[in-house]
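Using the working numbering, the first residue of the sequence shown is number 405, and each one after it goes up by one.
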Amino acid sequence: MTDTNAINVSTLFDLSGKTALVTGGSRGIGKMIAEGFLQAGATVYISSRKASVSDAVAAELSSLGTCHSLPADVADDADRARLVDALAQQIDQLDILVNNAGAAWGAPYDEFPEGGFRKVLELNVTALFFLTRDLTPLLTITASADDPARVINIGSMDGLHVPTVLQTGTFPYSASKAAVHHLTRTLAIELAPRHITVNAVAPGFFESKMTEASLANFQDQIERNCPLGRIGRPEEMAGVAIYLASRAGAYTNGTVIPVDGGTSLA
Ligand SMILES: NC(=O)c1ccc[n+]([C@@H]2O[C@H](COP(=O)([O-])OP(=O)(O)OC[C@H]3O[C@@H](n4cnc5c(N)ncnc54)[C@H](OP(=O)(O)O)[C@@H]3O)[C@@H](O)[C@H]2O)c1
Numbered sequence: 405m406t407d408t409n410a411i412n413v414s415t416l417f418d419l420s421g422k423t424a425l426v427t428g429g430s431r432g433i434g435k436m437i438a439e440g441f442l443q444a445g446a447t448v449y450i451s452s453r454k455a456s457v458s459d460a461v462a463a464e465l466s467s468l469g470t471c472h473s474l475p476a477d478v479a480d481d482a483d484r485a486r487l488v489d490a491l492a493q494q495i496d497q498l499d500i501l502v503n504n505a506g507a508a509w510g511a512p513y514d515e516f517p518e519g520g521f522r523k524v525l526e527l528n529v530t531a532l533f534f535l536t537r538d539l540t541p542l543l544t545i546t547a548s549a550d551d552p553a554r555v556i557n558i559g560s561m562d563g564l565h566v567p568t569v570l571q572t573g574t575f576p577y578s579a580s581k582a583a584v585h586h587l588t589r590t591l592a593i594e595l596a597p598r599h600i601t602v603n604a605v606a607p608g609f610f611e612s613k614m615t616e617a618s619l620a621n622f623q624d625q626i627e628r629n630c631p632l633g634r635i636g637r638p639e640e641m642a643g644v645a646i647y648l649a650s651r652a653g654a655y656t657n658g659t660v661i662p663v664d665g666g667t668s669l670a
């Protein structure tokens, strides 16, 4: 076996020297991923709308490594452009983009508000596409066939199956997440020649503000629906993102990885 084929597990998941942007990194799943990346050695930029919260969380996470806050509303065209410019001024290259910021909206079918439907699709799908497109020049700077840049989209198990837990419909949410999964596949083909991989993670239930009410009201049912009988742990979300961002995941492209204890199959 030559050196280039040797397996070195001690550095396989190492993100030292890498720079990542995690949208929605101020809490929930984004914060889990930011924490994992920092512990794996990456420099991490987190971004969310509430500047004071984003700044405070970046300061808190700085105990784990180099973490900066760049607050922005990624669903707002001008603000998203400002985020891209600010990042370009602060870093020489971007190695990892985690499109995590997302929203859900639940309402009965007959009363579903048009504004709510559009808001979910704007943030979960449209903003994800345009942020990725506008950061592509930064992602290509040091990307190579040997070590591609990485785009990690946070989808959902609700984009894999039809959600049944909540009593109110989440029509745009599940449709948006199915769109994220398919966009992941089309972008993977589009960006492979530029040495950028694109993958998605489809989480089941993890503790966050988004799932607070569902877990408060339906945790028993949620756990019964899960073959493993529990919700996910922060380490399990950090772990899959580190895998996709690291040398271990360099050949994984265009996949949607469910991290849901098997719920979407059950
Ligand atoms: N938790 C779960 O069980 C679960 C399951 C499946 C999929 N997901 C997906 O995981 C992602 C994160 O969800 P979460 O549960 O961690 O939700 P969360 O606790 O509500 O966190 C959402 C994050 O996104 C930010 N954000 C919201 N709108 C934004 C915008 N327009 N621009 C920039 N940042 C924005 C929020 O900060 P601000 O409010 O300050 O902007 C926050 O940091 C979402 O895509 C969600 O669909 C979550």
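By construction, the Cβ of each residue, glycine as well, lies at the ideal position given by its N, Cα and C atoms.
Fair warning: this is a prediction, and the values are worked out from it, not measured in the lab.
Bridge partners for residue i per DSSP, in chain order?
{"i": "residue 503", "result": "557"}
{"i": "residue 423", "result": "447"}
{"i": "residue 685", "result": "Residue coverage of the chain in this structure runs from 405 to 670, which leaves residue 685 outside it and unanswerable."}
{"i": "residue 471", "result": "448"}
{"i": "residue 520", "result": "Looking at the DSSP assignment, residue 520 forms no beta bridge with any residue, so it has no partner."}
{"i": "residue 573", "result": "511"}
Could you tell me the alpha carbon to alpha carbon distance between residue i and residue j, rounded to whole angstroms?
{"i": "residue 657", "j": "residue 483", "result": "29 Å"}
{"i": "residue 620", "j": "residue 417", "result": "35 Å"}
{"i": "residue 670", "j": "residue 494", "result": "45 Å"}
{"i": "residue 522", "j": "residue 479", "result": "11 Å"}
{"i": "residue 652", "j": "residue 516", "result": "43 Å"}
{"i": "residue 448", "j": "residue 474", "result": "10 Å"}
{"i": "residue 422", "j": "residue 597", "result": "21 Å"}
{"i": "residue 600", "j": "residue 547", "result": "7 Å"}
{"i": "residue 442", "j": "residue 452", "result": "18 Å"}
{"i": "residue 438", "j": "residue 499", "result": "14 Å"}
{"i": "residue 528", "j": "residue 590", "result": "16 Å"}
{"i": "residue 405", "j": "residue 431", "result": "Low local confidence applies: a pLDDT of 45 at residue 405 is under 50, so the model's placement there is unreliable, with the coordinate-based value given in what follows. Their backbone Cα atoms lie some 44 Å apart in a straight line."}
{"i": "residue 613", "j": "residue 647", "result": "25 Å"}
Just mark residue i as buried or exposed, buried being the case when its beta carbon has 16 or more other beta carbons within 10 Å.
{"i": "residue 578", "result": "buried"}
{"i": "residue 554", "result": "buried"}
{"i": "residue 545", "result": "exposed"}
{"i": "residue 435", "result": "buried"}
{"i": "residue 504", "result": "buried"}
{"i": "residue 513", "result": "exposed"}
{"i": "residue 412", "result": "exposed"}
{"i": "residue 557", "result": "buried"}
{"i": "residue 615", "result": "buried"}
{"i": "residue 550", "result": "exposed"}
{"i": "residue 650", "result": "buried"}
{"i": "residue 603", "result": "buried"}
Ligand 1 heavy atoms versus the CB of residue i: any closer than 7 Å?
{"i": "residue 607", "result": "yes"}
{"i": "residue 358", "result": "Absent from the structure is residue 358, since the part of the chain shown begins at 405 and ends at 670."}
{"i": "residue 457", "result": "yes"}
{"i": "residue 612", "result": "yes"}
{"i": "residue 467", "result": "no"}
{"i": "residue 506", "result": "yes"}
{"i": "residue 615", "result": "yes"}
{"i": "residue 527", "result": "yes"}
{"i": "residue 651", "result": "no"}
{"i": "residue 556", "result": "no"}
{"i": "residue 560", "result": "yes"}
{"i": "residue 479", "result": "yes"}
{"i": "residue 451", "result": "yes"}
* **Ranges of the alpha helix (DSSP H) found wholly within the stretch 575 to 604, counting only runs of at least 4** => 575 to 595
message: To test your reading of the DSSP string, which unbroken beta strand (DSSP E) runs of 3 or more residues are found completely within the stretch 634 to 664?
response: 660 to 663
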